[in-house]
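In my numbering, the protein residues as written are 8 to 365.
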Amino acid sequence: MAEYGAHITASVVDDQPSIFEVVAQDSLMTAVRPALQHVVKVLAESNPAHYGFFWRWFDEIFTLLDLLLQQHYLTKTSASFSENFYGLKRIVMGDTRKLQRLASAGLPKQQLWKSIMFLVLLPYLKVKLEKLVSSLREEDEYSIHPPSSRWKQFYRAFLAAYPFVNMAWEGWFLVQQLRYILGKAQHHSPLLSLAEVRLGRLTVQDVQALEHKPAKASMMQQPARSVKEKIKSALKKAVGGIALSLSTGLSVGVFFLQFLEWWYSFENQETIKSLTALPTPPPPVHLDYNSDSPLLPKMKTVCPLCRKTRVNDTVLATSGYVFCYSCVFNYVRSHQACPITGYPTEVQHLIKLYSPEN
């Protein structure tokens, strides 16, 4: 039995990692994003005025930080952050074992930018596409477009085709992983093939070169001859220090982030609820509609946004205030916040209200 399963962990190439190593490094950055997003969400809910910006622009900020991190590691270690964490490196396709570059030399420019595009840009576009699909589904459920409009027909066709496209995409990766397990491919991911690289383990020479590179750079560094060179040197040191601090912090916190992923996983929600169950809080005190607050109308039937009698009543679950559907939908889609409280919110938090006569 052991002989039959030996080929699963055996490598086609001597330095080729096992399927367990490559899957583990793939899941590392996948665990980092939702953990950081949860932290930002908690901060934004606690203080919307100061931290709401980070919640609204989380995707862009995370992508920028990810770009700096991955560019630093690809340049210095020929690997992404997660690949370097598991002792792997990217090897240019076509390099023989004798002519293979050391990891400390970094990737060539062509493979470097392809790797950055598939590591950073592609996940960002995928997240944005998933959010677009989610918002279109919500809009389709409460659509105000006439049934025969071209726009409605277009996005309904898009929503119908998206699950099949996504299934084909995931199936492509699954087939590639199966081929990698069976020893029929050198890449566990088709994106590595498109980037013209493959994954390999760090050799003894790579580890020695990576350890001696900082010391060698400091010995060879010459004093700056001009103010311009001093400024450049200071900027390089600052960027390098930021990248090093970021990488060190991620290395230390990676296990904590994986613990958070387990803690908030679906399988553990019932256990967590039973352990952290609290008594139901009392309902909020009703606001005095006779107050002089400029945000709230004096009449309960008036929309706080358009200041007219509400049409198509819709409540925002985040704060409990009621608006016209079209008013609050457009506002939340543009600002991702409650018009009254400023709490972060999304379109899916809108709930239509129906009176008994309707």
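Ideal Cβ positions, reconstructed from N, Cα and C, are used throughout, including at glycine. Note that the structure is a prediction, hence the values are computed from the model and not measured.
The distance from the Cβ of Leu109 to that of Ala216 is about 5 Å, consistent with a contact at the 8 Å cut-off. Remark: C-beta atoms of Leu303 and Pro346 do not approach each other more closely than 8 Å. For the pair of segments examined, the segment 49–61 was found not to touch the segment 116–136: the number of CB pairs separated by less than 8 Å stays below three. Taking a C-beta distance under 8 Å as the contact criterion, Gly178 and Ile98 do not qualify as a contact pair. Counting C-beta pairs with one atom in each stretch, the segment 133–140 and the segment 331–347 have fewer than three that are closer than 8 Å, which means they do not touch.
Per DSSP, reduced to three states, the secondary structure at Val99 is strand. In the three-state reduction of the DSSP assignment, Ile358 falls in the strand class, which pools E and B. Across the structure, Leu209 and Leu74 are spaced so that their CA atoms are roughly 23 Å apart. The Cβ-Cβ distance between Gln160 and Leu95 does not fall below 8 Å.
The DSSP-derived three-state label of Val318 is coil. Bounds of the alpha helix (DSSP H) holding Cys334 are 332–342. Checking the DSSP bridge columns, you'll see Arg205 partnered with Ile98. Taking C-beta separations shorter than 8 Å and ignoring five residues to either side along the sequence, the partners of Glu353 in its chain run Val339, Gln343, following chain order.
Leu81 is not a Cβ neighbour of Gly101, given a cutoff of 8 Å. When the beta-carbon positions are compared, Leu143 and Leu166 come within less than 8 Å of each other.
Taking 8 Å as the cut-off, the beta carbon of Cys331 is found closer than this to the beta carbon of Arg317.
In this chain, Ala192 is not harboured by any alpha helix (DSSP H), its DSSP state being neither H nor E. The segment 37–117 is shown to contain whole alpha helix (DSSP H) runs of 4 or more residues at 55–63, 65–84, 88–92, in chain order.
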